[in-house]
Structure formats: C-alpha cells, structure tokens
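Presented below is the structure to which this report refers.
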Amino acid sequence: MTRDQASGLRMMNQPNNDKVKVIAVSGGKGGVGKTSVSINTAVALAEKGKRVLVLDADLGLANVDVMLGIRAEKNLSHVLSGDAELDDIIVRGPKGIGIVPATSGSQAMVELTQAQHAGLIRAFSEMRTQFDILIVDTAAGISDMVLSFSRASQDVLIVVCDEPTSITDAYALIKILSREHGVFHFKIVANMVRSLREGMELFAKLSKVTDRFLDVALELVASIPFDENLRKAVRKQKLVVEAYPKSPSAIAYHGLANKIMTWPVPQQPGGHLEFFVERLVQRKPIQEGRTGE
Numbered sequence: 214m215t216r217d218q219a220s221g222l223r224m225m226n227q228p229n230n231d232k233v234k235v236i237a238v239s240g241g242k243g244g245v246g247k248t249s250v251s252i253n254t255a256v257a258l259a260e261k262g263k264r265v266l267v268l269d270a271d272l273g274l275a276n277v278d279v280m281l282g283i284r285a286e287k288n289l290s291h292v293l294s295g296d297a298e299l300d301d302i303i304v305r306g307p308k309g310i311g312i313v314p315a316t317s318g319s320q321a322m323v324e325l326t327q328a329q330h331a332g333l334i335r336a337f338s339e340m341r342t343q344f345d346i347l348i349v350d351t352a353a354g355i356s357d358m359v360l361s362f363s364r365a366s367q368d369v370l371i372v373v374c375d376e377p378t379s380i381t382d383a384y385a386l387i388k389i390l391s392r393e394h395g396v397f398h399f400k401i402v403a404n405m406v407r408s409l410r411e412g413m414e415l416f417a418k419l420s421k422v423t424d425r426f427l428d429v430a431l432e433l434v435a436s437i438p439f440d441e442n443l444r445k446a447v448r449k450q451k452l453v454v455e456a457y458p459k460s461p462s463a464i465a466y467h468g469l470a471n472k473i474m475t476w477p478v479p480q481q482p483g484g485h486l487e488f489f490v491e492r493l494v495q496r497k498p499i500q501e502g503r504t505g506e
C-alpha cells in the first residue's frame with residue numbers, strides 16, 4: 214500500500230473509528246465450533262448494548278448466514294465486483310447484530326488478487342455503518358487469508374477442543390502467526406468441554422507445547438461447556454444465547470462477552486478500523502522451507 218493510500222485510510226471520517234475493537238476468531242482446524250463462538254459472542258455483546266458487526270471471512274464457504282437462517286441477497290463477491298457497497302450487503306441478525314456475508318462454493322473468493330484485496334480495503338474505508346466491535350470469523354486452516362485477517366486484528370481468539378488434531382492445528386496456526394507475522398499474544402477459548410477443569414487441562418496441553426517451542430503468551434479467556442442445548446438451537450437455526458439464555462453454554466458466552474468489554478482498544482494503531490484495513494494488504498508471503506517444531 215502506498216503512503217497516500219495509508220494516509221487516506223487514517224483520515225476516515227467515521228466518528229467511532231477510534232473505538233472500534235477488532236477481534237479475529239480462528240481455530241486452525243475445522244469443526245471446533247469457531248463460527249458458533251463468533252456469533253453467540255456477538256449476540257451476547259449486543260445484549261449488553263454494543264453495536265457488533267460480524268464479518269464472515271470464510272470467503273469461499275460462507276456459513277454465518279446459514280446458521281442463523283438468514284437469506285442474504287448479496288455478499289462480498291458483489292462488493293468486489295463493484296455491484297454493491299459494503300453497507301448495502303449487511304444483513305441483520307439476532308439483537309440487531311450486523312453480518313457481512315461471504316459467498317459459498319467460490320474458489321475465486323479464496324484466491325483474491327491484489328486488486329481485489331485493495332477493493333476489500335476500500336470497501337471498509339468507505340463504510341458508513343456505525344459499530345463498536347468487529348468480529349472476524351475466519352476460515353479453518355492456515356491459508357493466506359486466515360493469516361491476513363488474524364494478524365490485522367487487535368485480538369486473536371483461538372478456539373480449541375479436546376482433540377489431538379485441534380491442538381496440533383491450533384499450535385500450527387500460533388506458530389506461523391508468531392514466527393512469520395509478529396503476533397505474540399493469543400486468547401484461547403476451550404470449546405465443548407465437560408467442565409471448567411477440563412477447559413483448564415486443555416489449555417495446559419496447548420500451553421505446554423507453545424511454552425517449549427514458541428515465544429508467545431496465551432491466555433484462557435473462556436471455557437464453553439458441551440451443552441445439548443447448543444444442538445437444539447442449531448436445529449432451530451437459532452443461537453443458544455437466544456433460544457436457551459439460561460443454559461450453561463449461553464452463560465459462558467455472556468462471560469466471554471463481559472471479558473471482551475474490558476479489553477482496551479489502543480490509542481495508537483493496533484485495533485482501529487483504519488489500521489485493520491491497512492494491515493490487510495500488507496501481506497507477508499508464507500515462507501516455505503522453514504524447519505522447526
């Protein structure tokens with residue numbers, strides 16, 4: 214990005230830019246409940262008076278709108294093609310949360326060109342919609358887009374469950390973000406655990422490996438219990454915080470939302486919306502041939 218472009222983004226006139234908290238929710242592995250964490254937490258934050266926007270950043274396999282039973286007439290592909298502005302494609306979910314829908318089954322969306330990246334940034338820089346928190350629900354894996362969205366965010370939440378592949382994939386994501394992209398602080402969500410103790414044990418398993426091989430700091434911010442009400446809510450195409458607000462998992466999501474509200478937004482670039490969109494194009498290619506644990 215040129216200096217002029219960066220300066221233009223810093224001059225964005227959205228009055229709440231200096232208050233926007235940008236959170237990426239990643240997991241390394243698919244099937245760990247990352248999207249459920251993203252949207253249940255978003256609704257819990259909305260119930261506390263926050264204006265929340267969820268970006269479905271699984272650009273080729275969108276599922277946020279599907280999980281909520283919402284039909285999106287347009288999505289990010291229409292923004293990138295110039296057929297719509299970002300504000301025009303936002304759909305409203307429970308408690309008024311905004312959702313930026315991606316598209317499904319499109320390989321082209323997964324492999325964006327540099328010009329399309331610039332278009333995405335321009336779309337964010339020109340947004341009129343006001344919000345306090347942007348939650349970026351990334352794709353699974355360690356694709357370039359996952360890394361770009363994660364390193365551009367102020368806080369990175371890594372969702373893990375008690376499966377060996379989940380732990381190894383979370384470690385792989387943390388490793389590449391720290392070694393290649395300068396991200397050293399990660400907030401961990403232990404998902405689908407049987408007890409708080411199990412959540413702490415799961416966190417300890419991941420911490421043991423990262424402490425040995427990586428220079429990173431991990432923080433356990435939530436243990437979301439395995440809850441049959443979650444399955445019931447999914448079948449209804451509703452969120453557990455909405456359908457079963459007194460269930461154990463809903464209570465845990467509200468606890469996570471309370472913590473998020475205490476996380477500071479830096480006064481210097483690091484979490485502001487303009488910094489987020491600037492960093493999206495400052496992409497570092499994944500360096501191949503690296504060895505190590």
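Residue numbering for the sequence shown follows this note's numbering, beginning at 214 and increasing consecutively. Just so you know, even glycine gets a beta-carbon here, dropped at the ideal spot from N, CA and C.
Should residue i be labelled buried (16 or more other beta-carbon atoms within 10 Å of its own) or exposed?
i: ASN471; result: exposed
i: VAL359; result: buried
i: PRO498; result: Annotation note: pLDDT 42 at PRO498 (below 50); position unreliable, coordinate value reported separately. By the 10 Å Cβ count, PRO498 comes out exposed.
i: LYS449; result: exposed
i: LEU409; result: exposed
i: HIS467; result: buried
i: THR342; result: exposed
i: ARG284; result: exposed
i: SER294; result: exposed
i: THR423; result: buried
i: ARG407; result: exposed
i: ARG364; result: buried
i: GLY189; result: Given that the chain is displayed from residue 214 to residue 506, the structure contains no residue 189 and the question cannot be resolved.
i: GLY240; result: buried
i: GLY412; result: buried
i: GLY311; result: buried
Within its chain, find whatever has a CB closer than 6 Å to the CB of residue i; leave out the 5 residues flanking it on each side and keep chain order.
i: ALA352; result: ASP271, VAL359
i: VAL344; result: The question names Val, but residue 344 in the sequence shown is Phe. Correct list, in chain order: ARG264, LEU266.
Could you tell me whether the Cβ atoms of residue i and residue j are closer together than 7 Å?
i: THR248; j: ASP368; result: no
i: ASN288; j: ALA328; result: no
i: ALA435; j: VAL402; result: yes
i: SER460; j: ASP440; result: yes
i: ILE355; j: ASN404; result: no
i: VAL454; j: ALA463; result: yes
i: ASP269; j: VAL279; result: no
i: PHE362; j: ALA456; result: no
Output needed for residue i: all residues of its chain with C-beta closer than 8 Å, excluding positions within five of it in sequence on either side, in chain order.
i: GLY484; result: Residue placement at GLY484 is poorly supported in this model, since its pLDDT is 42, which falls under 50; the coordinates still yield a value, given next. Hits under 8 Å: VAL233, LYS234, VAL235, SER366, GLN367, ASP368, VAL478.
Excluding five sequence neighbours on each side, which residues of the same chain lie with their C-beta closer than 7 Å to the C-beta of residue i?
i: LYS261; result: ALA470, MET474
Segment contact flag, the stretch 400-419 with the stretch 367-387, C-beta cutoff 8 Å, min 3 pairs: Three or more beta-carbon pairs drawn from the stretch 400-419 and the stretch 367-387 are found closer than 8 Å, and the two stretches are therefore classed as touching.
At least three beta-carbon pairs within less than 8 Å, the stretch 255-263 to the stretch 297-316: In the pairwise beta carbon analysis, the stretch 255-263 is classified as touching the stretch 297-316: at least three pairs are separated by under 8 Å.
Ordered list of alpha helix (DSSP H) runs contained in the stretch 234-278, each at least 4 residues: As summarised for the stretch 234-278, the continuous alpha helix (DSSP H) elements at least 4 residues long and confined to that stretch are 247-260, given in chain order.
3-residue-minimum beta strand (DSSP E) runs that sit fully inside the stretch 351-408, ordered along the chain: As far as the stretch 351-408 is concerned, its whole beta strand (DSSP E) runs of at least 3 residues are 368-373, 398-406.
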